[in-house]
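Q: Let me begin by handing over the structure; questions about it come next.
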Amino acid sequence: MSKPSIECQYFEHVPEHSVAACRECRYAVWPDQIEGHLQKQHKVSYKEAEAVGQQVRSWAGLVQYPSELEVPTGAPKPVRQLPVYTDGMLCQFDSSCCYYVARSKEAIRKHWRKDHQGWSAGKKRGRPSRTRQKSVQAHMDKGYRLVHCQRLFSSRHGSQYFEVQAPSQDGEGPEIVPVDGAAAWARVGEQMAKAWADIEKRAQTTIQEGERDEVNPWLERTQWLPYLVGMERPDLLACIEEPVAEPDARQEQQAEPVEAAIWAAMDGLARFSQASIIDRIGVFIRLEAIRTEMHQTRFQPLQPYMDKNAIVKHTRPWQQMLMFFARTQKEHGWKSPKYRFTRRQREAWEVLIEQAKRSIEGDEEDEAEDMDEEREELDEEMMDDIDEAIEVAEEEPGQGEGPEPKKLSKIQKACLEFCIALLNHRITRREYDSPLVCALAVLGVKEDGWKGPEQYPPILSAVIKIARFMVVQKGLEMSGPEEDSGDETDDDLDDSAYESGPSQRRRPKGCLQLVQKMMDRFMVRGSHSPMQWMLDLRTYGLKIHYNTTTRGHVEWTNGDELLYKELHFSMAQFRGMVHGLASESRRLLTEELMFSSKAAPVPAVPWESIRDNPTDERPGWNFLKDHRTNMPVNGERWLFERVGESASIRSRFMKPGTQSGVDRQAIERYMDRVVEFREKLAVLMHITGGQPARGPELLSDGMVVFVTRYHKGYKVSGDVKIIHRYLPREVGELVVWYMWLVLPFQQRLEALVWEKEAVSSHMWPADPSGRKWTTDRLREALKRESRIAMGQEWTFAGYREMAIGISRRFLRGSTAFQADEGEENKEWAEEQAGDSIADEQAGHTSHVAGLVYARGIMEQSGAVADRRQQFRASSTDWHRFLGFQAGLDDQRRSSKRKRAPFESEADEARVDRWQRLRKMDARAQLKRMMGEEAKFRGVQEAAIKAITAGESKSLLFMLPAWAEQGGTTVVVVPLIALRGDMAQRCKKLGISCVEWQSRRPPDAAAVVLVTPESAVGEEFATFLNRLRATRQLDRIIIDECHIVLNRQYTFRKQMQQLGKLVAVETQMVMLTATLPPSEEDELFRRMHFERGQVRMFRAPTARSNIAYRVVRVEKERKRQEVEATVLAMVQQKVRKYKSGKIVVYGNSVPKVKGLAEKLKCHAYHHHAVGKASMLEEFMGGKQRVIVATSALGMGVDVPDIRCIVHMDWPFSVLDYAQESGRAGRDGERSEAIMMVQDGEQRAADDKQGEAEQRRGGDM
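Under the working numbering, the letters of the sequence shown match residues 61 to 1319, in that order.
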């Protein structure tokens, strides 16, 4: 974009009136007054003002004198350069010839008195009457008309206003000046905001010169700012975007076929060059190509990218630089950076453009001779020695055997020549004399700034590596496709006496010599080339990066809640995710891969008899092949026989009539489950092994450990880091089971169905479908598992940083994760100071001692015992933090182990919670939780209140959980309906309440609801132990604890085993409203309580607001007649209680269903489908009547039940107390009616109902 001329910066030509208007002041200035106006109004120097005046006066047709000016009449269109006023008053006394316009009433009156002699406001002296005032005002109103107006000059001749048309509403016309003062000031505010927005936009989009005192070593070193100052960032970013070859209506980007051809050619060139590195050269050339100094010995050769597709990403900087050249070499309407090609670069670029155009046109019949001549000329400019090698290679091709290698296309050759020309540039004055350095500067631009030492060095690394690929490819091109395989190095072996002619041609140089020559000329330090600039800048950037603190992302709140970027979770949620993943992986492995059941369990892992030999590095070796390992079953056959023993399982796999005899689709589904398990296992190992990674497996003291022998710097340094990551036994067990029992069966299925010829010895080989295990795949697996468990997506890099932050916050300093696994841990060294002194006495360091002296027979190659012990300590501390049982057991066995910070903090947090609860004002907290009208009811008010049935015993756990968060209260609830009711009430109060699910352990929940069956299970016991280890378990509450006294040993026998929970050693609270004193001793015995350790709270069970009534029915009456009586009674109560609810209890499911059908209401029993929705509708008032068995007897809290009807005898007085206690829970008067029928028929009905109750279990 061209900068406007100096006069146009201040003035604008108004051709319709032949005047010059000031852009800022927005009025015309006479030509002879321009210098004075600029000096006075705009503080411009006289010299500049004089130059502007001369230029303006040179404009053609300007009015020079006032006599030449004609003021417009007849309401023309407004002048765009002048402001428009809306308060103009056009004189109407003589509208045919008077065009006077004023902007005030005083001015229009003055005009009337002067130019219209007959006008006067009043002829009499004194104050006019009201009538006269109104008459004069009406006369004045008729004397002018409001119009839009403008004026040309601000004073003297030409300053009179004239009428103009109203500006258009499209915003393109002149600006209307507000008349009102407030509106005018608002307009000033708008102009200020617009001006500031323009400044901010320019600051964001235009590269501006920084302050001289601003310290930025990176920009000082790169010198990007002086080179790119004044450039627009959007333009620079747009010029390096990927082009499109064909126009697309869905894209705003224009088609650029030539640029697209060059982009594709660079991609193909990079791929071809990498293939040459892999297939066509040896280690000597690769060692030459990796050099960075003139005389340097390298031991790690140039390596291709690990993933062949990765070259697409790393070629992009070269493609972007080519786009910069392509778009700046052609005509463009934006300001671009200045650079200049050398003659050789210009010629190479023109050839590239020509070949790009030919490739678009499909003309590949280019004459080879012309191309060869052009290439020879370019090479001649580059180096004379290499030029001679080209000539000989062309005239005397080699006679080697073998298939001719593929060749570069013509556009790819042209691209190679141009890139080499860019690299082959000796800088003699300024680095920005090199076009390549100029293009690299553009790559450092971001939308909102610059790419700093964290982002730019990787770009330089990609450019450097691809450049090395191209140099090798250039050497191959010049040496010819079939050069001699070797050359004699002793020149004395040549016998000059037998020369055939006077001008014997010298032996051509091979690829190695050519690459060596090019490397020395422009690819190493000391060559003063763009490559040296890149190498030095990359080193400087890395120095800044590793000596400058990065921006922090980890923050802690509420003690153990981690904030990382957009992620937020507590440590309890983190543990819940890990254990949920472990539980689901175990279920997937045991149930769906090994088909285990209670009748056919999976063989236990014999940890004590498993041995491994870490020194055996043969492919496929694992602990199962060690002769000392003694497994209880043959893993090679176990799963095959398990499938064969079960007809139902066997039928899933078999398909008679096929060649293999198996159903391929069923096998594929089984393999899908294997793949799913392996993905979960990979994520689980990544999280639980200790510090997350950026080998083979072995066993050590009953733990599975996986050892990695690769790290991100291996391709550069050639050094490996041997890192041990120990797994908790719960996870290691999955690994052993999979390798021992599942993997043999899986491998044989793959060999049978997919006809594999070889079996991989890797833990994670490619899937049968061919999909490989890549970093992207593991990244997606981690995202999926974290999204399922926590609703947040984690990345590998993010989790690595979070894990380091967690370990520094909660683990011992000696076992906290390091930012780099290779860092020395100073605190560990202090703890092992004694061993270090002993090694020094022996005349060597601890590191040398581990590498050389007294190494164990089973020590793995490259591993050092001291480092391995440090890795194990770090992993086991991590296991304890995550709450794995094996780690907790190891903690108890180790009496000398130092406590980790998380253990001390958890102890302090638990003590603080208990102290605050003891000091808590229970009444005040109750009012805060439930409202000012809430109050305790009952006979006791202490730290724990005894509240009678019908008075909400759930407050006993809800109030502490609401008042003091951070701990966990476990509530054992026997009834489905009761669990749902409690969860709903907790949710309303904002208490985190979760029903127990083994697949998703609720570590972060304040209240956990669990059934008696789950409460005594192994998985829940592990959960409780984890809560104990993390000091989260505050109390266990058993609601309706009289269920422990259940004497029906065939019905829910786990209720009698709840005494096992005493082993958890935490506070236990037993709640019931129906425990007779005579049953106390039996309850204590089953719960393993000592009476002296129990504090009892009792309150009267009488319900004064319930009217109890017994209705006797003659024994002669039949069942149908009794039901009719009940039906009539319920209908009468429905009419009596307009809004209350009624519950009818029966002892048998058929009787309950029959009566419910007649009443057109729900029948609630243990077999009913949708019990939760039934209860929800009843509680919400959609159904006012419900007929139920005793399944609705305990714990359901519906406040407005007005009538309880028993149409059968209750099974016991305790049952009747529970069921009748559902009425009147809001304190209002209610009824409890029992139908009593004597005789044998009644006894038979009771016996039948009780039998059904025992068989079905209404709970």
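All C-beta atoms in this analysis are idealised placements derived from N, C-alpha and C, irrespective of residue type, glycine included.
Remember, it's a predicted structure, so these values are computed and weren't measured experimentally.
1. Quick check for students: name the residue ranges of the alpha helix (DSSP H) that lie wholly in the segment 1051-1081, counting only runs of 4 or more.
2. From which residue to which residue does the alpha helix (DSSP H) around TYR863 run?
3. Whole angstroms is fine: what's the gap from GLU76's alpha carbon to GLY121's?
4. Does the distance from the CB of GLN152 to the CB of TYR221 come in under 9 Å?
5. Roughly how many angstroms lie between the CA atoms of ARG733 and ARG646, to the nearest whole one?
6. In chain order, what residues of the same chain have a beta carbon less than 6 Å from the beta carbon of LYS254, not counting five sequence neighbours either side?
7. Decide if THR1028 is buried, meaning its Cβ has at least 16 other Cβ atoms within 10 Å, or exposed.
8. Go through the segment 77-147 residue by residue and report every complete run of the alpha helix (DSSP H) that reaches 4 residues or more, in order.
9. Please report how far the alpha carbon of GLU250 lies from the alpha carbon of ALA242, in whole angstroms.
10. Secondary structure at VAL289, three-state DSSP: helix, strand or coil?
11. Roughly how far, in whole angstroms, is the beta-carbon of LEU574 from the beta-carbon of SER539, given that I think they are within contact range, below 8 Å?
12. Grab me the residues of VAL116's own chain with a C-beta within less than 6 Å of its C-beta, minus the 5 sequence neighbours each way, in chain order.
13. The beta strand (DSSP E) spanning MET366 covers which residue range?
14. Out of TYR106, HIS73, ARG1289, which has the shortest C-alpha to C-alpha gap to TRP90?
15. So, helix, strand or coil for ASP1094, using DSSP?
16. Check whether the Cβ atoms of LYS1201 and GLY1230 sit closer than 9 Å, and answer yes or no.
17. Determine the direct distance from the alpha carbon of THR748 to that of LEU1118, and round the result to whole angstroms.
18. Inspect the CB distances between the segment 529-537 and the segment 572-592 and report whether three or more fall short of 8 Å.
19. Does the Cβ of VAL780 have 16 or more other Cβ atoms within 10 Å, making it buried, or fewer, making it exposed?
20. Determine contact between the segment 1139-1148 and the segment 1096-1104, defined as no fewer than three beta-carbon pairs at a distance below 8 Å.
21. Do THR146 and VAL237 have their C-beta atoms closer together than 9 Å?
22. Based on the DSSP secondary-structure assignment, which residues constitute the bridge partners of THR266?
23. Whole angstroms is fine: what's the gap from ALA167's alpha carbon to ASP508's?
24. Just reading off the alpha helix (DSSP H) that VAL703 is part of, what are its end residues?
25. Express the C-alpha separation of LYS658 and PRO361 in angstroms, rounding to a whole number.
26. So the candidates are HIS1266, VAL1030, ALA257; which of them puts its Cα closest to the Cα of VAL1212?
27. Between the alpha carbons of LYS569 and TYR600, how many angstroms are there, rounded?
28. Output needed for ARG702: all residues of its chain with C-beta closer than 8 Å, excluding positions within five of it in sequence on either side, in chain order.
29. Identify, in the order they occur along the chain, each residue of the same chain with its Cβ nearer than 7 Å to the Cβ of ASP723, setting aside the five sequence neighbours on each side.
30. For LEU1252, is the classification buried or exposed, using 16 other Cβ atoms within 10 angstroms of its Cβ as the cut-off for buried?
31. Less than 9 Å between the C-beta atoms of LEU794 and ALA632, yes or no?
32. With the cut-off set at 9 Å, would you say LEU1016 and ILE1097 are in Cβ contact?
33. Since ILE371 and GLN334 should fall inside the 8 Å C-beta cutoff, what is the C-beta to C-beta distance between them, to a whole number of angstroms?
34. State the DSSP-derived secondary structure class of VAL256, mapped to helix, strand or coil.
35. Determine the direct distance from the alpha carbon of GLY1050 to that of ARG837, and round the result to whole angstroms.
36. Flag this pair as yes or no: are the beta carbons of GLN1278 and THR1126 separated by less than 9 Å?
A: In this structure, then:
1. 1072-1075
2. On the sequence shown, position 803 is the one that residue 863 refers to. One point to set straight first is that residue 863 is Ala, not Tyr, in the sequence displayed. In this chain, the alpha helix (DSSP H) harbouring ALA863 covers 856-870.
3. Within the sequence shown, the letter at position 16 stands for residue 76. Within the sequence shown, the letter at position 61 stands for residue 121. Between GLU76 and GLY121, the C-alpha separation is close to 10 Å.
4. Counted from its first residue, the sequence shown places residue 152 at position 92. Counted from its first residue, the sequence shown places residue 221 at position 161. The answer is no: Cβ separation not under 9 Å.
5. If you number the sequence shown from 1, residue 733 lands on position 673. If you number the sequence shown from 1, residue 646 lands on position 586. If I take the Cα positions, the gap works out to 12 Å.
6. Residue 254 sits at position 194 when you count from the first residue of the sequence shown. Excluding sequence neighbours, LYS254 sits near nothing in its chain.
7. Looking up residue 1028 in the sequence shown gives position 968. Buried is the call here.
8. 94-102, 106-117
9. Your numbering for residue 250 matches position 190 in the sequence shown. Your numbering for residue 242 matches position 182 in the sequence shown. Answer to the nearest angstrom: the Cα atoms are 12 Å apart.
10. Here residue 289 refers to the residue found at position 229 when the sequence shown is read from its first residue. VAL289: coil per DSSP, three-state reduction.
11. Looking up residue 574 in the sequence shown gives position 514. Looking up residue 539 in the sequence shown gives position 479. Their Cβ separation, rounded to whole angstroms, is 6 Å, which keeps LEU574 and SER539 in contact under 8 Å.
12. Counting from one through the sequence shown, the residue named residue 116 turns up at place 56. Correct list, in chain order: GLU67, PHE71, ALA80, ILE94.
13. Counting from 1 along the sequence shown, the entry for residue 366 is found at position 306. From DSSP, MET366 is part of no beta strand (DSSP E); its letter is neither H nor E.
14. Residue mapping note: residue 90 aligns to position 30 of the sequence shown, counting from 1. Taking only the C-alpha atoms, the option nearest TRP90 is HIS73.
15. By 1-based counting over the sequence shown, the position of residue 1094 is 1034. Three-state DSSP puts ASP1094 in a strand.
16. As a position in the sequence shown, residue 1201 is number 1141, starting the count at 1. As a position in the sequence shown, residue 1230 is number 1170, starting the count at 1. No, these two residues do not count as a Cβ contact at 9 Å.
17. In the sequence shown, counting from the first residue as 1, residue 1118 sits at position 1058. In the sequence shown, counting from the first residue as 1, residue 748 sits at position 688. Roughly 32 Å between the two C-alpha positions.
18. yes
19. Here residue 780 refers to the residue found at position 720 when the sequence shown is read from its first residue. Confidence is the limiting factor: at VAL780 the pLDDT is only 45, short of 50, which leaves the residue's position unreliable, though a coordinate-based value still follows. Per the 10 Å Cβ criterion, exposed.
20. yes
21. Against the sequence shown, residue 146 aligns to sequence position 86. Against the sequence shown, residue 237 aligns to sequence position 177. It is a contact, given that the beta carbons lie within the stated cut-off.
22. Here residue 266 is taken as the residue at index 206 of the sequence shown, counted from 1. Paired residue(s): GLU292.
23. Mapped onto the sequence shown, residue 167 falls at position 107. Mapped onto the sequence shown, residue 508 falls at position 448. So the two alpha carbons sit approximately 55 Å from each other.
24. As a working mapping, residue 703 is identified with position 643 in the sequence shown. Per DSSP, VAL703 belongs to the alpha helix (DSSP H) from 698-705.
25. For the purposes of this step, residue 361 is taken as residue 301 along the sequence shown, with counting starting at 1. For the purposes of this step, residue 658 is taken as residue 598 along the sequence shown, with counting starting at 1. Those two C-alpha atoms are separated by around 58 Å.
26. To locate residue 1212, count along the sequence shown from 1; it is residue 1152. The residue with the shortest Cα to Cα distance from VAL1212 is HIS1266.
27. Residue 569 sits at position 509 when you count from the first residue of the sequence shown. Residue 600 sits at position 540 when you count from the first residue of the sequence shown. Approximately 36 Å, taken between the alpha carbons.
28. In the sequence shown, counting from the first residue as 1, residue 702 sits at position 642. If we look at ARG702 and ignore the five residues flanking it on each side, its Cβ neighbours are MET654, PHE655, ALA660, ILE709.
29. On the sequence shown, residue 723 is found 663 positions in, with the first residue counted as 1. Around ASP723: PHE713, MET714, LYS715.
30. The residue labelled residue 1252 in the question sits at position 1192 within the sequence shown. It is buried - the Cβ of LEU1252 has at least 16 other Cβ atoms within 10 Å.
31. Here residue 794 refers to the residue found at position 734 of the sequence shown. Here residue 632 refers to the residue found at position 572 of the sequence shown. Going by C-beta atoms, LEU794 is not nearer than 9 Å to ALA632.
32. Translated into the one-based positions of the sequence shown, residue 1016 becomes position 956. Translated into the one-based positions of the sequence shown, residue 1097 becomes position 1037. Closer than 9 Å, so yes.
33. Your numbering for residue 371 matches position 311 in the sequence shown. Your numbering for residue 334 matches position 274 in the sequence shown. Right, the Cβ-Cβ distance comes to about 5 Å (below 8 Å), so this counts as a contact.
34. One-based indexing of the sequence shown puts residue 256 at position 196. Position check: residue 256 holds Trp in this sequence, whereas Val was assumed. DSSP places TRP256 in helix when its eight states are reduced to three.
35. The count along the sequence shown starts at 1 and reaches residue 837 at position 777. The count along the sequence shown starts at 1 and reaches residue 1050 at position 990. Taking the straight line from one Cα to the other gives about 38 Å.
36. Indexing the sequence shown from 1 puts residue 1278 at position 1218. Indexing the sequence shown from 1 puts residue 1126 at position 1066. For GLN1278 and THR1126, no; Cβs fall outside 9 Å.
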